[in-house]
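Novice: Take any residue in the sequence shown, count from 1 to its spot, add 165: that is its number in my numbering.
For glycine and all other residues, C-beta sits at the position ideal for the given N, C-alpha and C.
Got a structure for you, written out below as structure tokens; questions coming shortly.
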Amino acid sequence: MVSFQSPDLAPMESIWAWIDKELGKSPFTSFDELEEKLHEIWLIIPAQMCQNLVSSMPRRVAACISANGGATKY
Numbered sequence: 166m167v168s169f170q171s172p173d174l175a176p177m178e179s180i181w182a183w184i185d186k187e188l189g190k191s192p193f194t195s196f197d198e199l200e201e202k203l204h205e206i207w208l209i210i211p212a213q214m215c216q217n218l219v220s221s222m223p224r225r226v227a228a229c230i231s232a233n234g235g236a237t238k239y
């Protein structure tokens, strides 16, 4: 049995990238400010983005299998 541990199978990576982009929109100068901003951003993660990521899982898995566990477009 082949085991795949590809980040391509982790939709959360796309959410982290989105969070990083949102963090870059406003500066912070302390850990407390960072924590507060992360909390604010977490609360506004678009539900549609999450749904799209969940819906993409069959395609992600198929692409990963086709690539023998290697890199994919995801």
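1. Judging by CA-CA distance, which residue of S191, R224, E187 is the nearest neighbour of I206?
2. How long is the line joining the alpha carbons of F196 and S179, rounded to whole angstroms?
3. Mind checking which residues open and close the alpha helix (DSSP H) that includes S231?
4. Run through DSSP, which three-state label would I184 get?
Specialist: Based on what the coordinates show:
1. Against the sequence shown, residue 206 aligns to sequence position 41. Distance from the Cα of I206 is smallest, within the candidate group S191, R224, E187, for E187.
2. Numbered from its first residue, the sequence shown carries residue 196 at position 31. Numbered from its first residue, the sequence shown carries residue 179 at position 14. Taking the straight line joining both Cα atoms gives about 23 Å.
3. Locating residue 231 in the sequence shown gives position 66, counting from the first residue. For S231, the uninterrupted alpha helix (DSSP H) segment begins and ends at 222 to 231.
4. Counted from its first residue, the sequence shown places residue 184 at position 19. I184: helix per DSSP, three-state reduction.
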